[in-house]
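Novice:
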Amino acid sequence: MNKQEDIRINVGCGGRPLAGYVNLDMDTVDELRQRYPDNSFPDDLKIFQYDIFNLPYPDGTVAEIRADSLVEHLSFTEEPLFFEEVKRALRPGGLFIFSTPDFEDTVKKWLAAKDEWKDFFRSDPEAVAKQHWFGQYSYSTASRWGYLTASIFGSQSSTGQGHKNCYTIPKIKAILARMGFEEEEISTYRWKGDRELMILAKARKK
44 MNKQEDIRIN
54 VGCGGRPLAG
64 YVNLDMDTVD
74 ELRQRYPDNS
84 FPDDLKIFQY
94 DIFNLPYPDG
104 TVAEIRADSL
114 VEHLSFTEEP
124 LFFEEVKRAL
134 RPGGLFIFST
144 PDFEDTVKKW
154 LAAKDEWKDF
164 FRSDPEAVAK
174 QHWFGQYSYS
184 TASRWGYLTA
194 SIFGSQSSTG
204 QGHKNCYTIP
214 KIKAILARMG
224 FEEEEISTYR
234 WKGDRELMIL
244 AKARKK
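Counting from 44, one number per residue, gives the positions in the sequence shown under the numbering used here.
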């Protein structure tokens with residue numbers, strides 16, 4: 044098989060770089076080590092800061108593109124640029140996998156939760172260590188002004204950690220149809236096993 048056909052890209056890898064993929068992130072390896080001190084990264088790990096709206100690959104040459112927990116960080120104007128770039132770079136039959144918070148589920152939980160604000164947001168090391176979300180020291184969804192708010196707007200604890208966009212299953216299906224992609228799977232799962240509901244989408248370029 045031609046090496047060009049084997050190119051697999053992990054866009055916005057953050058603390059989850061994947062073996063066998065070209066891992067892309069806004070942070071360098073050293074910055075990722077500082078941001079995720081509890082993670083174990085290979086000594087020879089390479090992280091590339093490629094422009095995700097202009098990937099350095101010819102049209103139709105990439106076998107797979109992953110984007111876990113990325114698209115919610117794209118602005119309204121960046122959103123179509125990214126999806127069009129995915130379509131351009133993937134070869135026919137190429138796989139596109141991405142995940143994003145289920146905005147509908149989060150909003151339903153937010154509306155059902157208690158409206159009890161306790162404190163301003165804090166991002167100092169002590170607050171982060173204690174899971175401080177507006178005075179709610181847990182990942183509980185019992186209060187609107189806690190982890191639920193951070194689920195909607197992003198943690199905003201450092202550069203690039205804010206959410207600018209939102210997704211539901213119908214929206215994702217419509218985007219994939221607009222792109223002319225064939226759905227393979229659209230399912231849901233819990234972030235880190237017990238947190239907000241995430242949507243996982245897998246589709247192939249026709």
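Heads up, the beta-carbon is just placed ideally off N, CA and C, and yes, glycines get one too. All values reported here derive from a predicted model rather than from experimental measurement.
From Lys157, Asp73, Pro144, pick the residue whose C-alpha is nearest to that of Tyr232; which is it?
Specialist: Mapped onto the sequence shown, residue 232 falls at position 189. Closest by alpha carbon: Pro144.
Novice: Taking Phe126 as part of the alpha helix (DSSP H), name the residues at either end of that continuous run.
Specialist: For this step, residue 126 is matched to residue 83 along the sequence shown. Run containing Phe126: 121-132, per the alpha helix (DSSP H) assignment.
Novice: Can you tell me whether Val171 is buried or exposed? The criterion is at least 16 other CB atoms within 10 Å of its CB, across all chains shown.
Specialist: Working through the sequence shown from its first residue, we reach residue 171 at position 128. Its Cβ having fewer than 16 others within 10 Å, Val171 is exposed.
Novice: Would a C-beta distance cut-off of 7 Å place Glu227 and Lys245 closer than the cut-off?
Specialist: Counting from 1 along the sequence shown, the entry for residue 227 is found at position 184. Counting from 1 along the sequence shown, the entry for residue 245 is found at position 202. Contact: yes.
Novice: Given this structure, state the Cα-to-Cα distance separating Trp160 from Gln199, to the nearest angstrom.
Specialist: Taking the sequence shown and counting its residues from 1, the one referred to as residue 160 is at position 117. Taking the sequence shown and counting its residues from 1, the one referred to as residue 199 is at position 156. Cα to Cα, Trp160 sits roughly 18 Å from Gln199.
Novice: Taking all protein chains shown into account, do 16 or more other C-beta atoms lie within 10 angstroms of the C-beta of Gln174, making it buried, or fewer, making it exposed?
Specialist: Taking the first residue of the sequence shown as 1, we reach residue 174 at position 131. So Gln174 ends up on the exposed side.
Novice: Here's the rule: buried if 16 or more other CB atoms are within 10 angstroms of the residue's CB, otherwise exposed. What is Gln77?
Specialist: For this step, residue 77 is matched to residue 34 along the sequence shown. By the neighbour-count rule (16 or more Cβ atoms within 10 Å), Gln77 is not buried but exposed.
Novice: Look up Asp73 in the DSSP assignment and say whether it is helix, strand or coil.
Specialist: In the sequence shown, residue 73 corresponds to position 30, counting from 1. It is helical.
Novice: Below 8 Å, how does it come out for the stretch 208-218 and the stretch 178-194: are there three or more Cβ pairs, yes or no?
Specialist: At 8 Å Cβ cutoff, the stretches do not touch.
Novice: If I follow the unbroken alpha helix (DSSP H) through Phe196, where does it start and stop?
Specialist: Taking the first residue of the sequence shown as 1, we reach residue 196 at position 153. Unbroken alpha helix (DSSP H) run through Phe196: 192-196.
Novice: May I have the straight-line CA-CA distance separating Lys130 from Val72, to the nearest angstrom?
Specialist: On the sequence shown, residue 130 is found 87 positions in, with the first residue counted as 1. On the sequence shown, residue 72 is found 29 positions in, with the first residue counted as 1. Cα to Cα, the separation comes out at about 28 Å.
Novice: Going by DSSP, what residue range makes up the beta strand (DSSP E) through Asp148?
Specialist: Within the sequence shown, the letter at position 105 stands for residue 148. Not the beta strand (DSSP E): Asp148 falls in the alpha helix (DSSP H), residues 146-155.
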